[in-house]
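>
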Amino acid sequence: MHFTYRPVRTEDVLTICDFPQNPQELFFMFPKAQYPLTADQLQASIAQRSDSTVVEADGSVMGFANFYRFERDGVCAIGNVIVSPTGRGKGVAKFLVQTMVELAFERHRACEVQLSCFNENTAGLLLYPQLGFVPYGVEERLAPDGRRVALIHLRKTGSHAGL
1 MHFTYRPVRT EDVLTICDFP QNPQELFFMF PKAQYPLTAD QLQASIAQRS DSTVVEADGS
61 VMGFANFYRF ERDGVCAIGN VIVSPTGRGK GVAKFLVQTM VELAFERHRA CEVQLSCFNE
121 NTAGLLLYPQ LGFVPYGVEE RLAPDGRRVA LIHLRKTGSH AGL
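Counting in UniProt numbering, the sequence shown runs from 1 upward without gaps.
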């Protein structure tokens, strides 16, 4: 499967809203959103963030992410990461996160890229270290059902930090 990426378009929003298959998946992607994800919720997030990006394969949108923190020569933090149900297990998430890291280092000249992953998101916790992210902190959060969960913060430093 060949992947490409581009900025999100208005016509992608409803497609992306269908990606989270249950409240837990939406919580992993967008903890403040209410299930099911609506176009209004997603558009509001896109409006407050930077570099909202989609991954495409065979003409279909397969993944989405953006930066909720984007500092020139500072830190970029990746958020709203989600892969379509049909794209899971096919390398979409790896391509998406690698693309966001490249955007952070090249477009924003970031020194560091951060992301956070809930302890119950096994796929994310297994992927991110493969891409060079290392844990640096844990924060207690409450899941939508009131359970205590751990939000694990990870970071990757740039090879050109200090340029």
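Every residue gets a Cβ at the ideal spot worked out from N, C-alpha and C, and that includes glycine.
Examine the Cβ distances between the region 46-57 and the region 1-12 and report whether three or more of them are shorter than 8 Å.
Verdict: yes, contact present.
> Which residues mark the beginning and the end of the alpha helix (DSSP H) in which Arg107 is found?
Locating residue 107 in the sequence shown gives position 107, where the first residue counts as 1. First-last of the alpha helix (DSSP H) with Arg107: Val92 to Arg107.
> Quick one: grab the DSSP three-state call for Val81.
Translated into positions along the sequence shown, residue 81 becomes position 81. DSSP, reduced to helix, strand and coil, places Val81 within a strand of the structure shown.
> Please classify Gly162 as buried or exposed, where buried requires at least 16 neighbouring CB atoms within 10 angstroms.
Your numbering for residue 162 matches position 162 in the sequence shown. Unreliable placement is indicated for Gly162, whose pLDDT of 41 sits below 50; no coordinate value is reported for it.
> With a threshold of 16 other CB atoms inside 10 Å of the CB of Met1, please say whether the residue is buried or exposed.
Locating residue 1 in the sequence shown gives position 1, where the first residue counts as 1. Exposed, since its Cβ has fewer than 16 Cβ neighbours within 10 Å.
> Here's the rule I'm using: 16 or more other beta-carbon atoms within 10 Å means buried, otherwise exposed. How should Ala110 be labelled?
Residue mapping note: residue 110 aligns to position 110 of the sequence shown, counting from 1. By the 10 Å Cβ count, Ala110 comes out buried.
> What are the start and end residues of the beta strand (DSSP E) that includes Thr15?
By 1-based counting over the sequence shown, the position of residue 15 is 15. Note, Thr15: premise wrong, no beta strand (DSSP E); alpha helix (DSSP H) at Val13 to Cys17.
> Counting only the same chain and skipping the five closest in sequence on each side, list residues whose C-beta sits under 6 Å from that of residue 215.
Residue numbering for the chain in the displayed model covers 1 to 163; residue 215 lies beyond these limits and cannot be assessed.
> Using only the alpha-carbon positions, how far apart do Gly59 and Asp12 sit?
For the purposes of this step, residue 59 is taken as the residue at position 59 of the sequence shown. For the purposes of this step, residue 12 is taken as the residue at position 12 of the sequence shown. C-alpha separation (whole angstroms): 12 Å.
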